[in-house]
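If you count the sequence shown from 1, you need to add 737 to reach the working numbering. Ideal Cβ placement from N, Cα and C applies to all residues, glycine included. Down below is the structure, laid out as structure tokens.
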Amino acid sequence: MPLITPFDPWRNQYCTCPDKFSLSPYTGCGHACLYCYASSYIRNFSNPRPKKDFLKRLENQIKKITKNSIITIANSSDPYQPIEKELKLTRKMLILLEKCELKINIVTKSILISRDLDVLKNLGNVVVSFTFTCMDERLAQRLEPGCICRPLEKLRTISMLSKYIPVAARFDPLIYPLNTTNIKETVNALSDSGVKQIITSTYKTKPDNFKRMCAQFPEHALLWKNLYLTCGERKGGYNYLALSLRQKLVEEVKEAALSEKLKFSTCREGFYNANTTNCDGSSLFIFS
Ligand code: SF4
């Protein structure tokens, strides 16, 4: 089984990512985000496990990848799993990648990434996409119960990373009305932490994530059923909010980002004209 695979946006008609590869040391994810999309198509998802003989196989397979290719680590699992603290598999992978001339985009929501700053600095061409859903500690804990990092710790981590590495913040998903009441405050906090770009998207329902969300937030279940199932749109296997509400939320994030002089992009919304740069943070690479 190849470890490095062409990025597959699951045939999403709205994906505007450049050509790139996906690489993940782990299968499954322990952050247990209620809104997760990947949990619907990976078996035993909530039990993250390292891929078999990962480093040995990677050493062989990486030789076949053209120099300067973009590799995203990772799309369906956070490379900084709770078990990464002991296993150090992501760290070893990054050390192996130091020798390769690649553009590496690390996508995470864990402060554990700060442990590897020494290695990240040696990678040469690296961008971190740090997912940040809200400033509210209690809400973050309910939304991402397996990710033990508090919002303030995340902001501190972003500050520390962004002194050395370009960081884009993934302020997503926007879950109306949970994390959409203080958009400007959130964007300002991310800006103060040194991010160069805000990437955003609205929450889309799949049956399993919708079940988890409604069970955790029963007070919003009726509203969401109305917004998504009655008034929303069905696209590519997901239920989207109605176009007007999606536009309103995304515009609010954009306005806040531009007022902070940050780059801005949307992910899988179809709002191509709203983006001021590449949708996935790849414009932050050197020589991109
Ligand atoms: S970190 Fe990403 S892959 Fe992991 S549970 Fe959360 S949304 Fe899913």
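Under 6 Å: does the beta carbon of ALA952 sit that close to some heavy atom of ligand 1?
no
Quick check: the Cα distance between SER783 and CYS1016, rounded to an integer number of angstroms?
If you take the alpha carbons of SER783 and CYS1016, they lie about 28 Å apart.
So, THR868 versus ASN916, is the Cβ gap smaller than 7 Å?
no
Quick check: what's the CA-CA separation for THR803 versus LEU740?
15 Å
Proximal residues to VAL856 (C-beta, below 8 Å), its chain only, five neighbours per side dropped:
ARG828, LEU831, ILE832, GLU835
Simplified DSSP state of TYR817, which is helix, strand or coil
coil
Buried or exposed: where does LYS941 fall if 16 or more other Cβ atoms within 10 Å of its Cβ makes it buried?
buried
My assumption, with CB atoms under 8 Å, is that LEU839 sits in contact with PHE791. Please give the rounded CB distance.
The C-beta separation of LEU839 from PHE791 comes to about 17 Å, leaving the pair out of contact by the 8 Å criterion.
How would you call ASN1010, buried or exposed, if buried means at least 16 neighbouring beta carbons within 10 angstroms?
exposed
How long is the line joining the alpha carbons of PRO888 and ILE935, rounded to whole angstroms?
16 Å
PRO882 versus GLU823, PRO816, HIS957, GLY767, residue with shortest Cα-Cα distance
Measuring C-alpha to C-alpha distances from PRO882 to each of GLU823, PRO816, HIS957, GLY767 identifies GLY767 as the nearest.
Pick helix, strand or coil for GLU970, following the three-state DSSP scheme.
strand
For ligand 1, is there a heavy atom less than 6 Å away from the beta-carbon of HIS768?
yes
Between the C-alpha atoms of ILE885 and LYS985, what's the straight-line distance to the nearest angstrom?
Their Cα atoms are separated by approximately 31 Å.
Sorted by chain position, which residues of the same chain lie with C-beta nearer than 6 Å to TYR977's C-beta, five sequence neighbours on each side aside?
LYS941, GLY969, GLU970
Residue burial classification, ALA811 (beta-carbon count within 10 angstroms, cutoff 16)
buried
Would LYS991 be called buried (16 or more neighbouring beta carbons within 10 Å of its own) or exposed?
buried
PHE1026 burial status per 10 Å Cβ neighbour count (16 or more: buried)
Here the chain has residues from 738 to 1025 only, and residue 1026 is not among them.
Taking the C-alpha atoms as reference points, what is the distance between LYS789 and THR764?
Straight-line spacing of the CA atoms in LYS789 and THR764 works out to 10 Å.
Residue closest to THR937, alpha-carbon to alpha-carbon, out of ARG786, SER761, THR1013:
THR1013
As assigned by DSSP and simplified to three states, the class of PRO914
Note: PRO914 maps to coil in three-state DSSP.
Would you call the stretch 925-933 in contact with the stretch 901-909, where contact means no fewer than 3 C-beta pairs closer than 8 Å?
These segments touch.
In three-state DSSP terms, what is THR894?
Helix, per DSSP.
Which same chain residues end up closer than 6 Å to CYS770 when comparing Cβ atoms and leaving out the 5 residues on each side of it in sequence?
GLU881
Three-state secondary structure (DSSP) at PHE791?
DSSP places PHE791 in helix when its eight states are reduced to three.
Mind checking whether PHE1022 and ASN862 have CB atoms under 7 Å apart?
yes
CYS773 Cβ short of 6 Å to ligand 1 heavy atom set:
yes
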